[in-house]
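Here the sequence shown stands for residues 618 to 1084, where the numbers follow this note's numbering. Where a beta carbon is used, it is the ideal one built from N, C-alpha and C, also for glycine. Note that the coordinates shown come from a computational prediction; the quantities given were computed from them, not determined experimentally.
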Amino acid sequence: MTQRERIPVQQVPAAAGTALYARREPIQVRHVTGLYQRLRDLGMGGSLALYFLLPWAQYDGRQAVLFDLPQRRFDIFGLSFWPQDFLFLAWALMLAAFALFFFTVLAGRVYCGYVCPQTTWTRLFSAIERWSEGDRHPRQKLAAAPWSPSKLLRRAAKHSGWLAVAVATGLTFVGYFTPVRELVPAFFAGHVGGWALFWIGFFTVATYGNAGFMREQVCLYMCPYARFQSVMFDADTLIVSYDTARGEPRRRGARKDTGTTPAGDCIDCNLCVQVCPTGIDIRDGLQYACITCAACIDACDDVMQRVSRPTGLIRYTTEHALAGARQTLLRPRLIGYGIVLAALSLLFVWQLVDRVPLQLDVLRDRHQLYRVTSDGFVENSYRLEVLNKSQTPQRYRLTLEGPDVLTLIAAPIEFSMDGGTHRALPVTVRYDPYQDPPASNSIWFRVQSLDDPTLEVRHESRFITPQ
């Protein structure tokens, strides 16, 4: 068929009563235990503890982590970051991105399965659901049963637990931006501000909806990582895989050989599907919906032990290993990501260590480049913007570096500043025209801490004289 020819289109009417979009059936995940699930609980428990407890941590008598947006200041364990320190945010984002790329090439979507917030909160909500309504089969029976006092009580207990966690999540999130030791009492006393109340409500609803109802839909339809992960995978990436050569052909129930065809180790129990939080069948091959949680591995290993077969029918492995080919750990893509990640980490640490918690900006008088006094002196006016980036009070000394014929007048030579404060200093520099003209118009303003002499900054400017 040539490009000029048209493909005939035929409209097929939908059958009566057929919906254009299938109604979503909630996935009832079966609980499973095992090595990898214990590792997941350890990782997710640490993430939850870090999230909920970090705002309450104190450092040097103040909240250790506080993103103070009204003051435009981020305090992180004794370090204060300002809008002028945007470079550090860029470094942190690049580090996070390349760390994600590196570990994805190495071990697939381990981030999704072990520490992702969506997976973490969903697993917490599933634990509350299992506590109130039982495991998979009791929940299915409860969902199909008519409403009764017992069903109403179980559902109320589940949603009450969900709502309590959601409120705690929203309150903690706002606690990163408002002093949490003042926020929590004010919230329960009903004295919290309007904007704080709005964001607490917003993240409460978002947590309640995402972890309680949407769950796997966030991973399947909303998360962009699931869409571009295949770009970073290669044949040596560690992924959760089903050993087709060993498992096929499947035999339902106990393992039996029929005829001349030996049965595979898979007994088609479907437990790997029942425990999957996204509802996929790993036996169909690698799928973008797999979050590498390894629940199917723990379930399958338990079944293999019961039927006296070797474990590992479903396991962490690579495509090359499944095909019997040679595996390569150090491949160009992984090495490249590792080198970039290491370089960025070293540069980030170096920038933090070399960072001076003091900033000086010099602004000239825009309305008058210079002025000549009645005594014949030439004067230039400046405004020095000094920012104490540390969290402790400091005493500073201001000096002028430049030609000897220039004198610093009308300026505080020594001054004090509290931690995390800004101060504007009006400064005048004078030149006596009866002396030799300055050899250079370049001058340097220098601010040095009297409490820590190693802490100093210099800023260059120009002194303008009549031609």
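For the 8 angstroms Cβ check, are there 3 or more pairs between the segment 839-856 and the segment 919-938? Segments in contact, yes.
Kindly indicate which three-state DSSP category threonine 789 falls into: helix, strand or coil?
Helix.
Exercise. To the nearest angstrom, how far is it from the Cα of phenylalanine 684 to the Cα of histidine 808?
Worked result: Taking the straight line joining both Cα atoms gives about 21 angstroms.
Tell me whether the beta-carbon of threonine 909 lies closer than 9 angstroms to the beta-carbon of arginine 726.
A contact, by the Cβ cut-off of 9 angstroms.
Along the alpha helix (DSSP H) that carries tryptophan 699, what are the first and last residues, could you check?
Unbroken run through tryptophan 699: none, as it is neither H nor E.
Note to self: Tell me the DSSP secondary structure of leucine 946 in three-state form.
What the structure shows: Note: leucine 946 maps to coil in three-state DSSP.
Mind pulling the alpha helix (DSSP H) runs of 4 or more residues that sit fully within the segment 925-995? Within the segment 925-995, the complete alpha helix (DSSP H) runs of at least 4 residues are 936-939 and 949-971.
Original post:
For arginine 1075, which residues from the same chain have a beta carbon less than 6 angstroms from its beta carbon, with the 5 sequence-adjacent residues on both sides left out?
Top reply: Apart from the 5 residues on each side of it in sequence, arginine 1075 sits with its Cβ closer than 6 angstroms to the Cβ of Trp1061 and Arg1063 in its chain, given in chain order.
Going by Cα to Cα distance, which pick from Gly929, Phe815, Glu799 and Gly870 is closest to threonine 1093?
-> The requested residue 1093 does not occur in the structure, where the chain is confined to residues 618 to 1084.
Can you tell me whether glutamine 1011 is helix, strand or coil according to DSSP? Annotated three-state conformation of glutamine 1011 is strand, per DSSP.
Q.
Nearest by alpha-carbon distance to cysteine 883: which of Tyr825, Tyr859 and Ala707 is it?
A. Comparing Cα-Cα distances from cysteine 883 to each of Tyr825, Tyr859 and Ala707, the minimum goes to Tyr859.
Looking at C-beta atoms only, is the number of pairs between the segment 711-725 and the segment 894-901 that lie closer than 8 angstroms three or more? No, because fewer than three Cβ pairs between the segment 711-725 and the segment 894-901 fall closer than 8 angstroms, the two stretches do not touch.
Check your understanding: With distances taken from CA atoms, which of Thr786, Leu780 and Glu750 is nearest leucine 769?
Key -> The shortest Cα separation from leucine 769 among Thr786, Leu780 and Glu750 belongs to Glu750.
Note to self: By alpha-carbon positions, which one of Leu961, Arg983, Gly864 and Gln985 ends up nearest to arginine 926?
What the structure shows: Checked all of Leu961, Arg983, Gly864 and Gln985; the closest Cα to arginine 926 is Gly864.
Item checked: Between the CA atoms of tyrosine 668 and alanine 785 - distance to the nearest angstrom -> Roughly 11 angstroms between the two C-alpha positions.
| What runs of the alpha helix (DSSP H), each 4 residues or longer, lie entirely inside the segment 635-694? | You should have 652-670.
*On a CA-only basis, which of Asp885, Val995, Pro949 and Ile856 is nearest arginine 867? Give me that one, please.*
Relative to arginine 867, the option among Asp885, Val995, Pro949 and Ile856 whose CA is nearest is Asp885.
Quiz item: In its own chain, which residues sit with a C-beta less than 6 angstroms from the C-beta of glutamine 620, not counting the 5 before and 5 after it?
Solution: For glutamine 620, the pLDDT reaches just 47, beneath the cut-off of 50, and the residue's location in the model is therefore unreliable, although a value from the coordinates is still provided. Sequence-distant partners of glutamine 620 (beyond 5 residues in either direction) whose C-beta falls short of 6 angstroms from its own C-beta are missing from its chain.
Q.
Need the endpoints of the beta strand (DSSP E) that glutamate 1073 sits in, please.
A. Following the DSSP letters along the chain, one finds glutamate 1073 inside the beta strand (DSSP E) bounded by residues 1073-1079.
query: Rounded to a whole number of angstroms, what is the C-alpha to C-alpha distance between phenylalanine 815 and tyrosine 954?
result: Distance between the alpha carbons of phenylalanine 815 and tyrosine 954: 41 angstroms.
Review point. Which whole-angstrom value is the C-beta distance of phenylalanine 1080 and valine 1046, which I expect to be below 8 angstroms?
Key: Contact flag correct, Cβ pair sits at about 6 angstroms.
Hey, would you say glycine 787 sits closer than 9 angstroms to glycine 818, going by beta carbons? Glycine 787 places its beta carbon less than 9 angstroms from that of glycine 818.
Which residue comes first and which comes last in the beta strand (DSSP E) that contains histidine 808? From DSSP, histidine 808 is part of no beta strand (DSSP E); its letter is neither H nor E.
Does glutamate 865 come out as helix, strand or coil in the three-state DSSP assignment?
Glutamate 865: coil per DSSP, three-state reduction.
- prompt: What residue range is occupied by the uninterrupted beta strand (DSSP E) comprising isoleucine 899?
  reply: Counting along the chain, isoleucine 899 falls outside any beta strand (DSSP E), and DSSP gives it neither H nor E.
- Query: glycine 792: buried (16+ other C-beta within 10 angstroms of its C-beta) or exposed?
  - Reply: In summary, glycine 792 is buried, with 16 or more beta-carbon neighbours lying within 10 Å of its beta-carbon over all protein chains present.
**OP:** Pull up the DSSP beta-bridge partners for proline 1043, would you.
**Re:** In the DSSP output, where bridge partners are listed per residue, proline 1043 has Arg1000.
Roughly how many angstroms separate the alpha carbons of glycine 566 and aspartate 1053, rounded to a whole number? Because the chain here runs from 618 to 1084, residue 566 falls outside it and cannot be looked at.
Point to revise | arginine 747 to threonine 736 span [Cα, whole Å] | key: Cα to Cα, arginine 747 sits roughly 16 angstroms from threonine 736.
**Request:** Check whether the Cβ atoms of glutamate 996 and isoleucine 1026 lie closer than 9 angstroms to each other.
**Result:** In this structure, isoleucine 1026 lies closer than 9 angstroms to glutamate 996 by Cβ.
Return the CA-CA distance between alanine 674 and tryptophan 779, expressed in angstroms with no decimal places. Between alanine 674 and tryptophan 779, the C-alpha separation is close to 25 angstroms.
Counting along the chain, where does the beta strand (DSSP E) carrying isoleucine 1060 start and finish? Taken as a continuous stretch (DSSP letters only), the beta strand (DSSP E) holding isoleucine 1060 covers 1059-1066.
request  = Provide the residue span of the alpha helix (DSSP H) that contains serine 847, from first to last.
outcome  = Note, serine 847: alpha helix (DSSP H), 842-849.
When burial is assigned at 16 or more other CB atoms within 10 Å of the CB, is arginine 689 buried or exposed?
-> Label assigned to arginine 689: exposed.
Cross-strand partners of isoleucine 856 (DSSP beta bridge):
As DSSP reads the structure, isoleucine 856 sits in a beta bridge with Thr934.
Measure the C-alpha to C-alpha separation of glutamine 1011 and leucine 1042 and round it to an integer number of angstroms. Roughly 16 angstroms between the two C-alpha positions.
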